[in-house]
Every structure is written in structure tokens, then in C-alpha cells.
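As C-alpha cells, the structure follows; a few thoughts come after it.
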Amino acid sequence: MAVYLLKVNLALMLLYGFYRLMVSRDTFFTLRRFTLWAIYGVALALPVLDIAWWIEDTPATATLAESYAVNVLPALEVYAQGPTMTVFDALGYVYWLGVGLLSLRMAWQLMGIVALARKTRVRRMGGMRVHCLDGCEGPFSFFRWIFVNPDRHTAVQLNEILTHEHAHVAQWHSVDTMVAEWFSIFCWFNPFAWLLKREVRVNLEFLADDKVLADGNARKAYQYHLLGLAYHPNHLDVANNFNVLPLKKRIKMMNKRRTKQIGMAKYLLFAPLAAALLIVSNIESVARTVGRNVPMARSLSDKAEQLLQTEIANPSQSAATLEDMTAKAVDEAARPVKKLTVSGTVRDTKGRPVVGATVVLRGSKRGTVTDKEGRYRLSGVPVGSAVEVKYAGTGTVLFTVKGSRRDVTLGVARLADKQQAAYDIVDQMPNFPGGNEAMMKYISGKVKYPITKASGRVVVQFIVDTNGAVVEPKVVRSVSPKLDQAALDAVKGMPKWEPGKLNGKPVRVKYNIPINFEQYNATGVTISQVKGNTSSVFFVDGKRVDNVDALNPDDIENITVLKSEAAMKQYDSGGKPVVLVKLKKK
Numbered sequence: 001m002a003v004y005l006l007k008v009n010l011a012l013m014l015l016y017g018f019y020r021l022m023v024s025r026d027t028f029f030t031l032r033r034f035t036l037w038a039i040y041g042v043a044l045a046l047p048v049l050d051i052a053w054w055i056e057d058t059p060a061t062a063t064l065a066e067s068y069a070v071n072v073l074p075a076l077e078v079y080a081q082g083p084t085m086t087v088f089d090a091l092g093y094v095y096w097l098g099v100g101l102l103s104l105r106m107a108w109q110l111m112g113i114v115a116l117a118r119k120t121r122v123r124r125m126g127g128m129r130v131h132c133l134d135g136c137e138g139p140f141s142f143f144r145w146i147f148v149n150p151d152r153h154t155a156v157q158l159n160e161i162l163t164h165e166h167a168h169v170a171q172w173h174s175v176d177t178m179v180a181e182w183f184s185i186f187c188w189f190n191p192f193a194w195l196l197k198r199e200v201r202v203n204l205e206f207l208a209d210d211k212v213l214a215d216g217n218a219r220k221a222y223q224y225h226l227l228g229l230a231y232h233p234n235h236l237d238v239a240n241n242f243n244v245l246p247l248k249k250r251i252k253m254m255n256k257r258r259t260k261q262i263g264m265a266k267y268l269l270f271a272p273l274a275a276a277l278l279i280v281s282n283i284e285s286v287a288r289t290v291g292r293n294v295p296m297a298r299s300l301s302d303k304a305e306q307l308l309q310t311e312i313a314n315p316s317q318s319a320a321t322l323e324d325m326t327a328k329a330v331d332e333a334a335r336p337v338k339k340l341t342v343s344g345t346v347r348d349t350k351g352r353p354v355v356g357a358t359v360v361l362r363g364s365k366r367g368t369v370t371d372k373e374g375r376y377r378l379s380g381v382p383v384g385s386a387v388e389v390k391y392a393g394t395g396t397v398l399f400t401v402k403g404s405r406r407d408v409t410l411g412v413a414r415l416a417d418k419q420q421a422a423y424d425i426v427d428q429m430p431n432f433p434g435g436n437e438a439m440m441k442y443i444s445g446k447v448k449y450p451i452t453k454a455s456g457r458v459v460v461q462f463i464v465d466t467n468g469a470v471v472e473p474k475v476v477r478s479v480s481p482k483l484d485q486a487a488l489d490a491v492k493g494m495p496k497w498e499p500g501k502l503n504g505k506p507v508r509v510k511y512n513i514p515i516n517f518e519q520y521n522a523t524g525v526t527i528s529q530v531k532g533n534t535s536s537v538f539f540v541d542g543k544r545v546d547n548v549d550a551l552n553p554d555d556i557e558n559i560t561v562l563k564s565e566a567a568m569k570q571y572d573s574g575g576k577p578v579v580l581v582k583l584k585k586k
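Here the sequence shown stands for residues 1 to 586, where the numbers follow full-length UniProt numbering.
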């Protein structure tokens, strides 16, 4: 939410700058209205658009399978040790307080207009329904309602006012006003949101003034009429008031020479600006994707490294020779790369099809797996690139793409390959000292809920090595950087397991462990509230006790009450709520 709001406000700031510099001084009032609508629409849409998928490779099926087709340990529940309050939380409360107050202000104004419409008498003037005011307020309109005091104006002035306000009504200007009002409410801290709101209001008055003059009313008389109403109080901000300031700007615009039609061309600049903002808002994902998808850049990088090594190894080599080599490398990399659809069959040494072997374009995430007949098909593979074929328990085959057909035979893995392979299922699975229950208790004691409002399930994948050590831990399902790191830290510190075995020999085995981070509200719980309570299960500093009546309240740092089904199951409370008491360190 915060990131989205920040992007919206940055877009408003930049697009407002475009509006002021490029179009705020011309007389294309209708085009300006559409531009203001486009600014609001682009600002809302940009943060949620993701262009990375337009240029991103299709991820390998094998990559997804590897995240799930492994041993999954029981889920571990981790609860925040009491409500947390950060600077960002405080800023969030201030933000929503501002939104709430401004929303109440607008609601009060809307109710005032509705009440005024109900209590005023309605007359038909010039074919329009008009609500007649009794006070000295200036004329205004709101959606289909027009408010004016006919007794305070001459017939000519009344005709000008009704023409002006009817333009607001007929063109639905109140919709623009309400959109600008809502943006200023939700972006109240951004001065550019308020400046845009002002531009919307002034441009609507330009449109209405233009309609009055187009109907044949005298320009000078109308301008003097506006000046005469300058000090009449406006009714409400959400209404379209007749005497919107600054009047000087309105009068100057009425007297201004019409902008030539060629001036409309500058509005076309809005499209590339919006596209540039879209790219900037996705700069991280675009850079990451493009970096993966530019084989020429990778090729040049490899060539540069080779040239550097050549220069180091042969310092006497002439600069001209190195320059020629560099030019040749660039030419080779710049040539168009032909792409093929490579297919074939993967078999073992006995000619049997290998089902589920992974076929991956090396250096990318593009790949596939073989079907039940050992067949694979990989499209868009550049000629000369390397394709890697592997299957657990066998060696890895690497071949260079030269044609569209390539069959592969997977043999028995070399010893080094076997030692590096990580299995999902083996004859004898690894065992944590004390079993899974002991492992869950160990991790429960190691996981520390960081100071964050984030919650959710983090899945950590790790490998139990041939010596029982836990290696290569990584997050395969992320929630937030802080929760991810907390889960990783707990897994990294695990003691050695009893390694898994295949055919009587130790092998590496892969595991997944889900860790659920959950928030709850445990404020206001005191020791006096839980003493004598026999319907709960108590833990003092992690140790189960029968009751807490003997505890001194001054020795207690905090008390946590867990009532979720997952918590009761984790602490084996027999369906009773769990009360965690943490004592102060002495």
C-alpha cells in the first residue's frame, strides 16, 4: 500500500509538471480536461502495471517442480511476541487520520448541499430548474442542481449566470470536481495533488466562460459582472462556484487570442511520457529480465574476460592485435543469432526412456522435463548455446545446439556428481536428533519474530549433506525480507542430522520446511488475569507449568495468549488456550 501510494504521488508530481509547462497556457480547454483525466488515470494505473512479463522468458517447468517435489516437514507456527509499533506504523496512523478528517469534511459539505436543495424553492428559468437562494452566497451548481439568488441580479446578469452554470451541468463538471477532491483527500500530504485540483477547477471555469461568450454575451459586461461577484462568499469547495478565483486569470484567458491548431501536437507528448513513467516504475524488474535475456551482452562480457586474460598472459602482445581481437569479438557477438526448436529423447544406458529428466538452456531459467516416453521439446534455443540434461542419480549431459534434433543417453553418475546430487526419496531418510518433534521445538526456540507488521508463510528449502550438516538453505516462498531472514537464521543453525542413505551409502537429501508467522493482539493481559486460571496451559520461559499463582508480577516481562488452533496443536494443549509467560532477565 505504501509503495503504491508513493508511486501514485510521484506520478502526479511529474505529470503536473508536464501539464504546467506544456498545456496550461493554451485555449484548448476540452483537450486540457481530457489531459487532466488522463493524468489521474495514469497515476492510478502505473503502479499496478508490470511490463516484465512482456519480455520475460517462460520459466522452466523443472524449476517450479524442484520447489515442491521434495520432502515437506510439518508447518511451524511463529507468533509475534506482543504488538509492535514502528515509525512507519505511526506515519500510517497519521496518514489515515488525515484521510478520515478530510473525508468527514467532504461528507459534511455534501450533506449541506443536499439539505440546501431540499429547503430552497425551485423555479424554472430559461428552461432550467433553479434552486432559489435567499442569502448573499454566490451562484453555484452541483451535478444537476443550479443554485442562484435571482433577486440580486439583473435579467442580463441572470442569463449569463444560468448559461455559465448550465455549461457545468450539461458537461458533468461535478464529476471532475469530485475526482479531484478524492485525490486531494487520499494524497493530502502531496502539494501537487492540491495544485492539480486547482487546475481542474480553473479549467472547468474556462469551459463555462467560453460557453457564455459563445452564446453571444458581451465580453466586457460579463467580465465586470464577474468582478462584481468577486467578494461574494463561495458556498462549498465541492460545488462549481460561479466566482472561482483567480478572476484575473479567467479574464486574461477570455481576452487571449485562440491557440493555433498546430498547438494540439504537443498533447501527443503525453503518451511517451506515460510510457517512460511505466518503464521507470518497473525499472528493477525490467533490468533483471533484460539482463537475463540479452545473449549478446553476456557473450561480449565473456569475450572481454578472455581478452583481459590474454593481455595479462601476454603483456608483450601489441595493442593493435588486441584491438583487432576486440573488434572481431564484437562483430561475432553482433551477428543475428539463429534460434531453433530442439527436440529429442532421453534414455538410460539400457535404452529405456527417462521420465522427468530436466532439460534446461544453460544460463537461463528456460527449460522443460521429459514426458512418459522420455521425449522433450525446447523452443527458441539459439544456435551454439549449451543445453544441460540431468536426472537424479545419473550424470549430467551438456551438449551444444547445432541442429533441431538431439537424443541424449544418461549414464551412471560419476562419484563427484553423486556426491553433489540431492535426492527427494532415499532408502533411509535423514533423522534429526530426537525426531521431527525435537526439530520443531528446536526451531521454535530459534525463530525470532522481527519488528514488523508482515505475516504469512515462509518456506525454506535446505539439504542434509552426507555428513549430516544442513547446507544450502534458501527461501523458496518469500513473505518479506525480515521474515525470510528470520526463517533462514533458524534453519542455518540446526545441529547435524543423521544423514540419509541410498544403497547403504550416505547421500544428500532435500527438505522443505514451512514457517508460519502470525500476528495477534495480546495487549492488556496481566498476571492477575491469568492466576487461578485452570482452563489454559501455561509455559514459563518455554517450560510447561501447572499454574502461575506463585509468580511475582514484578518478575514478568510480558504475557502472550495464543488461542488459534495451530498454536494449541503446536503446544499440545489439548484444545486449551496457551499462555506464554516470559520472565525478566536477572
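Think of the CB as a built atom: it goes at the ideal place given N, C-alpha and C, for glycine as much as any other residue.
As summarised for the segment 201–231, the continuous alpha helix (DSSP H) elements at least 4 residues long and confined to that stretch are 219–228, given in chain order. For the set Lys338, Lys501 and Val169, the Cα lying nearest the Cα of Gly380 is the one of Lys338.
With respect to the C-alpha of Trp182, the residue from Trp172, Val99, Ala170 and Arg129 having the closest C-alpha is Val99. Straight-line measurement puts the Cα of Met440 at about 37 Å from the Cα of Glu388. Here Met1 is exposed. Its C-beta has fewer than 16 other C-beta atoms within 10 Å. Boundaries for His153: no alpha helix (DSSP H) harbours it, and the DSSP string shows neither H nor E there. In the pairwise beta carbon analysis, the segment 434–448 is classified as not touching the segment 464–472: fewer than three pairs are separated by under 8 Å. Taking the CA atoms as reference points, Phe147 sits about 59 Å from Asn516. Residue environment analysis places Tyr93 among the exposed positions, since fewer than 16 neighbouring C-beta atoms fall within 10 angstroms of its C-beta.
Taking 8 Å as the cut-off, the beta carbon of Cys187 is found no closer than this to the beta carbon of Asn467. Contact between Lys482 and Pro450 holds, with the beta-carbon distance rounding to 4 Å and staying under 8 Å. Contact between Ala422 and Tyr391 does not hold, since their C-beta atoms are separated by about 13 Å, which reaches or exceeds 8 Å. In the three-state reduction of the DSSP assignment, Glu160 falls in the helix class. The three-state secondary structure of Val447, taken from DSSP, is coil. When beta bridges are read from the DSSP output, Glu498 appears opposite Asn431. Of the candidates Asn240, Lys248, Val342 and Asp210, Lys248 places its Cα closest to the Cα of Gly228.
Taking the Cβ atoms as the reference, Leu196 lies roughly 5 Å from Tyr16, within the contact range of under 8 Å.
By the criterion of a C-beta distance shorter than 8 Å, Phe28 is surrounded in its chain by Thr259, Gly263, Met264 and Tyr267, once the five residues flanking it on both sides are discounted. Rounded to whole angstroms, Asn159 and Met13 show a C-alpha spacing of 39 Å. Per DSSP, the continuous alpha helix (DSSP H) segment holding Tyr40 begins and ends at Phe29 to Ala45. Note: Tyr442 is not bridge-paired with any residue in the DSSP secondary-structure output.
With a cut-off of 8 Å on Cβ pairs, the segment 368–387 is in contact with the segment 341–348, counting three or more such pairs. In this structure, the straight-line span from the alpha carbon of Phe88 to that of Tyr4 is close to 15 Å. With contacts defined as CB atoms closer than 8 Å, His164 and Val212 qualify as a contacting pair.
Sequence-distant partners of Arg544 (beyond 5 residues in either direction) whose C-beta falls short of 6 Å from its own C-beta are missing from its chain.
Within the same chain, Ile113, Ser174 and Ala239 come within 6 Å of Phe142 by CB-CB distance, once the 5 residues on both sides are set aside. Straight-line spacing of the CA atoms in Trp194 and Met178 works out to 13 Å. Contact annotation: Met254 and Gln223 have beta-carbon atoms nearer than 8 Å.
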